[in-house]
Amino acid sequence: MANILVTGGTGFIGVPLVKKLQSLGHNLKLLVRESSDIIPFEGLNNIDYIIGDVRDNEILYKAAENIDLIYHLAAYTRMWAKDKSVIEDTNVKGTKNIAQIALEKNIRFIYISSFIALGGTPIDPVDETYESEEGLYLDYAKTKFQAKKLIKDFINKDLNATIFYPGIAYGPGDFNIFGQTILDITARKFLGCPGKGDNIGSFVYVNDIVDGVVSVIDRNDLKGEDFILGGINIKFGDWMDLIAEIAGNKKKPRHFPMSFAKLYALLCELKTKLTNKMPYTNRSTVKMINHNWSYSSEKAIEKLGYKITPLREGLEETIKWYKDYIEKEKN
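Just so we're aligned: the sequence shown equals residues 1 to 331 in the working numbering.
Next comes the structure, spelled out in structure tokens:
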């Protein structure tokens with residue numbers, strides 16, 4: 001069994017990843033902030049917690065002691081931050097910090113990036129060789145693009161790294177942009193679909209991502225390789241309609257002009273300036289949805305045996321969880 005350090009282990013993908021690794025008998029260290037929620041791991045053995053984050057080199061060196069493998073997921077993923085510097089400091093500088101330590105200590109490094117690091121795409125699915133700065137409006141997107149290039153530079157310096165690009169992840173417990181969309185459609189609170197809804201997204205069930213990144217633990221032939229862990233490529237409008245159908249919401253999400261969506265996003269941003277709280281959406285997010293994000297997972301399917309959960313099946317599990325969550329919130 002391996003000694004594994006996980007950063008970002010309390011995040012949406014991190015929680016099921018940690019549980020999977022623990023169930024396989026690995027010895028785990030989790031780098032967590034003092035504010036991190038570790039309740040999902042109560043009662044689990046073989047987990048040590050290191051308090052800190054990827055911006056602190058001293059803590060990182062301590063966390064990396066006696067480690068065989070690092071799963072690096074830690075990132076600032078939200079669309080907005082009170083202090084924008086935290087996004088670059090975490091996503092780029094933090095990634096550089098831990099990659100440098102992995103290189104110095106000759107620790108195998110698995111970087112969980114994002115589809116967005118490859119950039120916006122044509123309608124037809126692209127593979128891992130694709131790179132574009134189209135659609136990189138969010139600071140999160142720009143920094144993930146930079147961090148991907150940084151890890152590739154480290155690979156050229158002999159870092160034993162493998163990069164994964166998950167598609168648009170969904171599943172129980174997600175409250176980021178697309179998870180909030182599923183929740184709001186399920187709760188019949190969703191405003192509607194901006195534009196015609198005919199742009200493509202690659203939606204992947206979170207457990208598929210976990211299975212994909214865990215499948216490489218015993219592989220010694222993947223240094224410098226990168227893999228898209230995508231899902232079903234579907235139009236955003238059709239994705240929303242399917243959510244409404246499964247949720248039993250007879251009213252499909254309405255479509256409204258992109259100009260209205262941008263105006264609404266601007267009003268959300270103005271409200272944020274007054275309240276200093278996370279906006280419901282912003283103009284960068286609206287512009288992002290107006291691009292295609294269409295990806296092929298053929299390489300992962302062929303080389304890793306990667307499997308994709310049918311979209312309806314994954315959404316049924318997800319919506320069931322959200323319905324339970326909505327009922328709990330009422331009580």
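Built from N, CA and C at the ideal position, the CB exists for glycine as well. Computed from a predicted model, the values in this text were never measured in an experiment.
Collapsed DSSP secondary structure at residue i in the structure displayed
{"i": "Phe164", "result": "strand"}
{"i": "Arg312", "result": "helix"}
{"i": "Thr129", "result": "coil"}
{"i": "Tyr71", "result": "strand"}
{"i": "Asn3", "result": "strand"}
{"i": "Val32", "result": "strand"}
{"i": "Ala169", "result": "strand"}
{"i": "Thr121", "result": "strand"}
{"i": "Tyr280", "result": "coil"}
{"i": "Phe115", "result": "helix"}
{"i": "Asn335", "result": "There is simply no residue 335 to check, as the chain begins at 1 and stops at 331 in what is shown."}
{"i": "Tyr76", "result": "coil"}
{"i": "Phe109", "result": "strand"}
{"i": "Ile319", "result": "helix"}
{"i": "Phe256", "result": "strand"}
{"i": "Ile232", "result": "strand"}
{"i": "Asn220", "result": "coil"}
{"i": "Asn66", "result": "coil"}
{"i": "Asn91", "result": "helix"}
Contact check, residue i vs residue j, beta carbons under 8 angstroms
{"i": "Val206", "j": "Ala247", "result": "no"}
{"i": "Ser294", "j": "Ile200", "result": "yes"}
{"i": "Ser202", "j": "Lys148", "result": "no"}
{"i": "Pro166", "j": "Val204", "result": "yes"}
{"i": "Glu131", "j": "Gly120", "result": "no"}
{"i": "Leu28", "j": "Asn46", "result": "yes"}
{"i": "Ala336", "j": "Leu5", "result": "No answer is possible for residue 336: it lies beyond the span of the chain, which begins at 1 and ends at 331."}
{"i": "Met240", "j": "Ile177", "result": "no"}
{"i": "Thr143", "j": "Glu88", "result": "yes"}
{"i": "Leu304", "j": "Gly179", "result": "no"}
{"i": "Tyr322", "j": "Ile155", "result": "no"}
{"i": "Ala141", "j": "Pro194", "result": "no"}
{"i": "Val214", "j": "Lys20", "result": "yes"}
{"i": "Ile234", "j": "Ile185", "result": "no"}
{"i": "Lys196", "j": "Gly224", "result": "no"}
Cβ distance (whole Å) where residue i is taken to contact residue j below 8 angstroms
{"i": "Gln146", "j": "Val92", "result": "5 angstroms"}
{"i": "Ala2", "j": "Ile232", "result": "Going by Cβ atoms, the distance from Ala2 to Ile232 rounds to 32 angstroms, so no, they are not a contact pair."}
{"i": "Ile13", "j": "Val210", "result": "7 angstroms"}
{"i": "Ile333", "j": "Thr77", "result": "Residue 333 lies beyond the residue range present for the chain, which begins at 1 and ends at 331; the question has no answer from this structure."}
{"i": "Ala265", "j": "Thr285", "result": "7 angstroms"}
{"i": "Thr309", "j": "Asp208", "result": "5 angstroms"}
{"i": "Met288", "j": "Tyr137", "result": "5 angstroms"}
{"i": "Asp226", "j": "Glu128", "result": "5 angstroms"}
{"i": "Ile7", "j": "Ala74", "result": "Contrary to the premise, residue 7 reads as Thr rather than Ile in this sequence. The pair is a contact, with the Cβ atoms about 4 angstroms apart (cut-off 8 angstroms)."}
Cutoff 7 angstroms; reference residue i; Cβ partners in own chain excluding five residues on either side
{"i": "Gly192", "result": "Pro253, Arg254, His255, Phe256"}
{"i": "Lys82", "result": "Asn276"}
{"i": "Phe109", "result": "Ile70, His72, Ala99, Ala102, Leu159, Asn160, Ala161"}
{"i": "His291", "result": "Gly120, Glu134, Gly135, Asn199"}
{"i": "Asp37", "result": "Thr10"}
Endpoints, the alpha helix (DSSP H) within which residue i is located
{"i": "Ala139", "result": "Contrary to the premise, residue 139 reads as Asp rather than Ala in this sequence. Where Asp139 is concerned, the enclosing alpha helix (DSSP H) stretches over 139 to 156."}
{"i": "Asn97", "result": "94 to 105"}
{"i": "Ser85", "result": "85 to 88"}
{"i": "Phe41", "result": "Counting along the chain, Phe41 falls outside any alpha helix (DSSP H), and DSSP gives it neither H nor E."}
{"i": "Phe283", "result": "The sequence shown places Arg at residue 283, rather than the Phe named in the question. From DSSP, the alpha helix (DSSP H) with Arg283 extends over 283 to 289."}
{"i": "Ala307", "result": "The sequence shown places Lys at residue 307, rather than the Ala named in the question. Where Lys307 is concerned, there is no enclosing alpha helix (DSSP H), given that its DSSP letter is neither H nor E."}
{"i": "Tyr205", "result": "Counting along the chain, Tyr205 falls outside any alpha helix (DSSP H), though it belongs to the beta strand (DSSP E) covering 200 to 205."}
{"i": "Lys20", "result": "14 to 23"}
{"i": "Asn57", "result": "57 to 63"}
{"i": "Ile246", "result": "236 to 247"}
Own chain, CB closer than 8 angstroms to residue i, minus 5 neighbours either side, in chain order
{"i": "Leu60", "result": "Leu31, Gly52, Val54, Asn97, Ile98, Ile101"}
{"i": "Phe115", "result": "Tyr165, Pro166, Gly167, Ile168, Ser202, Ile228, Gly230, Trp293, Tyr295"}
Span of the beta strand (DSSP E), counted from its first residue to its last, around residue i
{"i": "Leu229", "result": "226 to 229"}
{"i": "Asp48", "result": "47 to 51"}
{"i": "Lys189", "result": "First-last for Lys189: undefined, no H or E at that position."}
Residues of its chain near residue i, where Cβ-Cβ distance is below 6 angstroms and the 5 sequence neighbours each way are ignored
{"i": "Arg188", "result": "Asn249"}
{"i": "Arg33", "result": "Asp53"}
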